[in-house]
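Peer 1:
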Amino acid sequence: MSGSNTPVLCIGSVLWDVIGRSASHMRQGSDVPGRITRLPGGVAMNIAMTLARFGLTPMLLTAIGRDAEGDELVAACTELGMVTEHIYRSEDLPTDRYMAVEGANGLIAAIADAHSLEAAGDKILRPLTNASLGSEAIPYRGHVALDGNLTQSLLEKIAQSPAFAAADLRVAPASPGKAERLLPFLNHRRATLYLNLEEASLLCQTEFNTSREAAIGLMSRGALKVLVTDGGNPATEADADDLICQTPPEVLVTRVTGAGDTFMAAHIAAEATGTDRQTALTRALHAAATYVSGETPL
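In our numbering, the protein residues as written are 2 to 299.
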């Protein structure tokens with residue numbers, strides 16, 4: 002599929018981000034002035050917001066509570082141009098939240114409370130089996146952005162499910178701590194993996210020093226296609242035919258939460274509209290650099 006209205010299914014966490022940011026360098030126990038914001042977030046949400054900015058149509062599959070925070074979050078998603086009709090709304094699970102503290106020296110600490118998404122399990126996938134978006138007999142065709150906030154068992158189910166047999170799967174861990182959840186997709190025939198250097202090392206149980214090393218290591222373990230980033234150092238995209246390395250633009254870093262999601266979404270958007278590999282990687286790196294510099298909306 003191509004064109005400005007290309008739909009992309011975004012599966013994973015959609016929640017409220019509570020982020021404290023300070024211009025000061027911070028360490029454990031620091032107490033400094035700064036700003037605290039509450040904005041729609043989560044890996045699937047961050048990807049969806051970037052896809053929408055690039056003119057694509059994000060469709061959300063997630064779990065959101067039927068509480069006041071959930072109603073407010075769904076309304077915000079709709080206002081941002083996302084398709085929300087397939088979201089699983091739970092009567093007894095609260096809307097998830099993510100809390101992070103960032104200083105001038107990067108992310109200091111973060112806690113992701115995605116328990117409702119995990120508790121909802123495969124209920125969020127019903128539109129892909131009940132013919133709303135597809136079924137096991139007639140699987141969904143198109144791009145799927147999948148995040149590692151889902152449970153290990155659900156990710157394993159998705160990797161094997163006939164409902165995803167025709168999809169172009171784009172997969173990313175929600176954090177380094179969840180990188181090993183992506184093991185079912187390491188040698189999957191329809192999955193592209195988006196990882197940073199730390200996540201690639203954890204997934205392969207090997208210490209990589211560069212994105213190039215990591216990409217080669219992932220490919221040697223059976224990956225179909227990988228993109229590995231390393232902050233301001235060169236990023237690498239690799240498949241069975243080629244390996245591409247590019248250095249991101251130098252920018253002043255003002256925020257880090259969501260940078261990887263922005264990179265992934267920008268790359269999906271570029272490829273979904275037929276852009277060549279070199280240009281797609283360039284656009285993704287520039288989008289992420291612009292994001293961390295604070296020059297685009299949150």
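Note that the Cβ used here is the ideal one computed from N, Cα and C, for glycine as well.
Can you list, in chain order, the residues of its chain with a C-beta nearer than 6 Å to that of Ile88? Leave out the 5 residues immediately preceding and following it.
Peer 2: Counting only Cβ-Cβ distances below 6 Å, and skipping sequence neighbours, we find Leu61, Thr63, Ile65.
Peer 1: Report the three-state DSSP secondary structure of Leu134 (helix, strand or coil).
Peer 2: coil
Peer 1: Threshold first: 3 residues or longer. Then list the beta strand (DSSP E) segments lying entirely within the segment 65-136, N to C.
Peer 2: 89-91, 98-104, 107-114
Peer 1: Thinking just about the alpha-carbon of each residue, which of His144, Ala160, Gly143 is nearest to the one in Leu151?
Peer 2: Ala160
Peer 1: Do the CB positions of Ala110 and Tyr99 come within less than 9 Å of each other?
Peer 2: no
Peer 1: Taking DSSP as the reference, what is the three-state secondary structure of Gly275?
Peer 2: coil
Peer 1: Is Ile65 near the ligand MG, going by C-beta to nearest heavy atom under 8 Å?
Peer 2: Although the ligand MG was asked about, the structure shown includes no ligands whatsoever.
Peer 1: Along the alpha helix (DSSP H) that carries Val44, what are the first and last residues, could you check?
Peer 2: 44-54
Peer 1: Between which residues of its own chain and Glu200 is the CB-CB distance below 7 Å, once the five residues before and five after are set aside?
Peer 2: Pro174, Pro177, Ala180
Peer 1: Need the endpoints of the alpha helix (DSSP H) that Gln153 sits in, please.
Peer 2: Segment 153-161, the alpha helix (DSSP H) holding Gln153.
Peer 1: By Cβ distance, which residues of its chain are closer than 7 Å to Gly135, with the 5 residues on each side in sequence left out?
Peer 2: Leu129, Tyr141, Ala164
Peer 1: I believe Met265 touches Arg171 by the beta-carbon criterion, under 8 Å. Please report the beta-carbon distance rounded to the nearest angstrom.
Peer 2: 7 Å
Peer 1: Taking 6 Å as the limit between beta carbons, can you name the residues of its chain near Ala168, skipping five residues before and five after?
Peer 2: Contacts found: Tyr141, Val145.
Peer 1: Thr79 to His189, Cα distance in whole Å?
Peer 2: Rounded to whole angstroms, Thr79 to His189 spans 33 Å at the Cα level.
Peer 1: Decide if Pro249 is buried, meaning its Cβ has at least 16 other Cβ atoms within 10 Å, or exposed.
Peer 2: buried
Peer 1: Per DSSP, which one or two residues make a beta bridge with Val172?
Peer 2: Leu147, Leu194
Peer 1: Relative to the alpha-carbon of Ala241, which residue among Arg67, Leu94, Asp68, Ala216 has its alpha-carbon at the smallest distance?
Peer 2: Ala216
Peer 1: Going by alpha carbons, who is nearest to Gly149 out of Asn131, Asp231, Arg127, Gly122?
Peer 2: Gly122
Peer 1: Just mark Ala101 as buried or exposed, buried being the case when its beta carbon has 16 or more other beta carbons within 10 Å.
Peer 2: buried
Peer 1: Pick helix, strand or coil for Pro140, following the three-state DSSP scheme.
Peer 2: Correct three-state label for Pro140: coil.
Peer 1: Answer yes if the segment 252-260 comes into contact with the segment 269-282, meaning at least three C-beta pairs across the two stretches below 8 Å, and no otherwise.
Peer 2: no
Peer 1: For the alpha helix (DSSP H) containing Leu219, name the first residue and the last one.
Peer 2: Here the alpha helix (DSSP H) through Leu219 covers 212-221.
Peer 1: Spatial neighbours of Cys11 within its chain, please: C-beta separation below 6 Å, excluding the five flanking residues on both sides.
Peer 2: Residues Ala45, Ile48, Ala49, Pro59, Leu61, Ala146 of the same chain have their beta carbon placed closer than 6 Å to that of Cys11, with the five preceding and five following residues left out of the count.
Peer 1: How far does the beta strand (DSSP E) with Arg22 in it extend, from its first residue to its last?
Peer 2: 16-22
Peer 1: Helix, strand or coil for Val293? Go by DSSP, reduced to three states.
Peer 2: helix
Peer 1: Ile115 and Gly43: beta carbons closer than 9 Å?
Peer 2: Before going on, a small fix: residue 115 reads as Ala here, not Ile. For Ala115 and Gly43, yes; Cβs fall inside 9 Å.
Peer 1: Based on the DSSP secondary-structure assignment, which residues constitute the bridge partners of Arg36?
Peer 2: Paired residue(s): Arg22.
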